[in-house]
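Residue numbers (UniProt numbering): 1 to 62.
We put the beta carbon where it would ideally sit given N, CA and C, even for glycine.
First up is the structure itself, then whatever we jot down about it.
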Amino acid sequence: IVAGGVGEFEAGISKNGQTREHALLAFTLGVKQLIVGVNKMDSTEPPYSQARFEEITKEVSA
């Protein structure tokens, strides 16, 4: 689960972020695919922003 709020997602996916660290650990253990949920989409601007969802999807899929 990743946070959809501006700043929250960026902090998690940053070089020292916990989300990035967990993904790296999973990859190291041989996990090739993950299911990712985007939480707190109601706190985006505007609420439930399709553009924000697609931005997060693109970053997580890379």
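- Excluding five sequence positions before and after phenylalanine 9, the CB atoms of its chain that fall closer than 7 Å to its own CB belong to Val2, Ala3 and Ile56, given in chain order.
- DSSP, reduced to helix, strand and coil, places valine 38 within a strand of the structure shown.
- Per the coordinates, the alpha-carbon of alanine 11 lies some 23 Å from the alpha-carbon of lysine 32.
- According to the DSSP assignment, lysine 58 belongs to the alpha helix (DSSP H) that extends over 50-61.
- One Cα belongs to threonine 28, the other to glycine 7, and the distance between them is close to 27 Å.
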